[in-house]
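Only one structure is covered here, and it is reproduced in the block below.
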Amino acid sequence: MISKKYADMTTKGSIIREFAQYASKRALEVGAENVHNFTIGNPSVPVCDAFTKELQRMLAEEEPVALHGYSPTLGIESVREAVADSLNRRFGMNYTAADIFMTSGAAGAIAHAIRCVTEPGNEVLIFAPYFPEYIPYIDGTGAAIKIVPADTASFQINFEAFEEIMNPNVHAVMINSPNNPSGIVYSTATIKRLAAILEEKQKEYGHDIYIISDEPYREIIFEGTDSPFISAFYDNTICCYSFSKSLSLPGERIGYIAVNPACKDAELIVLMCGQISRFTGHNCPPSMIQLGVAKVIDMTSDLSIYEKNKNILYQELTGMGYECVEPGGTFYMFPKTPIADANEFCRMTAHELDLILVPGDSFACPGHMRLAYCTTTERVERALPLFEKAIKMCR
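At position 142 of the sequence shown (counting the first as 1) the number is 1583 in this note's numbering, and the numbers step up by one without a gap.
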């Protein structure tokens, strides 16, 4: 007999994928140049040349059996050392290789982190708006999910709602900054306040509460934005990172967990990750990709196009009458829809204008829409008249 749980999930697909698939279908019918697709957060700039050259060098010069062999369960030691050294240089931390666990992207990191610090039935808090895949990530561990409603005026943390929801069964709080879908970066003041509350609640409840910090957009920060390194403000922080966005390597599925060395059980948590892999089938990311990112650990792709596209969209859309909190990073924007029903608005723009957007309901923010502007500036500019048509159709 097949699993009812996973069979049921096949009927509840991702709304992002639904609109993306519609865009792909329309591209075949009318030509890709006529479909204005803002659905998927797939980086639109190439990987930095140094990474490509390092892989070419390894393939030409390294011994193939060693190059393509299994890496150690926790990741290649030299790579873990490179990650730790980079974090220490950049953020004034004191990580060692023992605090780092190499993963298959941020998703693999989150899957391990939640299992490390919760038991089935414990609660994990997440803040709206959130990446919809957090729900299966958490649900798959047996932990319960509690959602803190959004502060839609700023998309900083809604602390009043947060403190109302906090209770002794909360063992982890998941945050995402810079944020998908809003593009907002939690300020230093926000992180300090969150840390202070959690410190107080740890004492009150008599157990540790962990921040699981999802940070794949850490390097995509716009000018003037306050962007604190979250682990520096709270000891019990587990950072979950991916090189997908910083190096434009989403298909290589490479990331890491960095456990704050000030955390009481830091070294044990990393060892636990190796054991969790035995249950999840994770079994470490590819050796060659680990070695490749270690060689370019402080580099990024040319990410400047994202800020350029943001500036154009924010200025033009707000000028048209769209309401939007200005992003401080990522390549997403999260305006209000001109009508209350975001699903209706996004289906209208898709079917009548071939302008494909994602409604905010699945991010726990009805009445909003996500724009993934990781595309060419030329495509952004060609879409602007369609955004203007869309808002006029709603008046």
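Glycine is no exception: its CB is placed at the ideal position from the N, C-alpha and C atoms.
All of these numbers come straight from a predicted model, not from anything done at the bench.
query, result
"Could you check if K1686 is buried or exposed, using at least 16 other CB atoms within 10 Å of its CB as the buried criterion?", "buried"
"For F1674, collect the residues of the same chain with a Cβ closer than 7 Å to its Cβ; drop the 5 residues on either side in sequence, then sort them by chain order.", "I1632, K1633 and A1636"
"Beta-carbon within less than 8 Å of L1794's beta-carbon, same chain only, minus the 5 sequence neighbours each way: which residues are those?", "H1477, L1827, K1830 and A1831"
"Can you give me the C-alpha to C-alpha distance between I1662 and L1528, rounded to a whole angstrom?", "17 Å"
"State the CB to CB distance for the pair I1671 and V1700, rounded to an integer number of angstroms; the pair is presumed to be in contact (CB under 8 Å).", "Contact doesn't hold; Cβ gap of about 13 Å is too wide."
"Measure from the alpha carbon of N1784 to the alpha carbon of each residue in T1816, L1798 and S1668, then state which is nearest.", "L1798"
"If you pair each beta-carbon of the stretch 1612–1625 with each one of the stretch 1562–1580, do three or more pairs fall below 8 Å?", "yes"
"In chain order, what residues of the same chain have a beta carbon less than 6 Å from the beta carbon of I1653, not counting five sequence neighbours either side?", "A1554, A1613, M1615 and I1679"
"In angstroms, rounded to a whole number, what distance separates the CA positions of V1589 and S1803?", "14 Å"
"How big is the Cα-Cα spacing for L1712 and Y1463?", "43 Å"
"Touch check for the stretch 1482–1494 and the stretch 1738–1747: three-plus C-beta pairs under 8 Å?", "yes"
"Can you name the residues that DSSP bridges to I1586?", "V1565"
"Count the other CB atoms, across all protein chains shown, that sit within 10 Å of the CB of E1645; report buried if there are 16 or more and exposed otherwise.", "exposed"
"Taking 8 Å as the threshold, find out whether the stretch 1801–1821 comes into contact with the stretch 1760–1774 through three or more Cβ pairs.", "yes"
"Using the rule of at least 16 other Cβ atoms within 10 Å of the residue's Cβ for burial, across every protein chain shown, is G1562 buried or exposed?", "exposed"
"Cβ of E1495 within 7 Å of any heavy atom in the ligand GDP?", "In terms of ligand content, the structure shown is empty, and the ligand GDP therefore cannot be addressed."
"Does the Cβ of S1595 have 16 or more other Cβ atoms within 10 Å, making it buried, or fewer, making it exposed?", "exposed"
"Between the C-alpha atoms of G1546 and T1759, what's the straight-line distance to the nearest angstrom?", "34 Å"
"Within a Cβ cutoff of 7 Å, which residues of the same chain sit near G1602, ignoring the five residues on either side of it in sequence?", "Looking at the sequence shown, residue 1602 is not Gly but Ala. Same-chain partners within the cutoff: V1589 and P1590."
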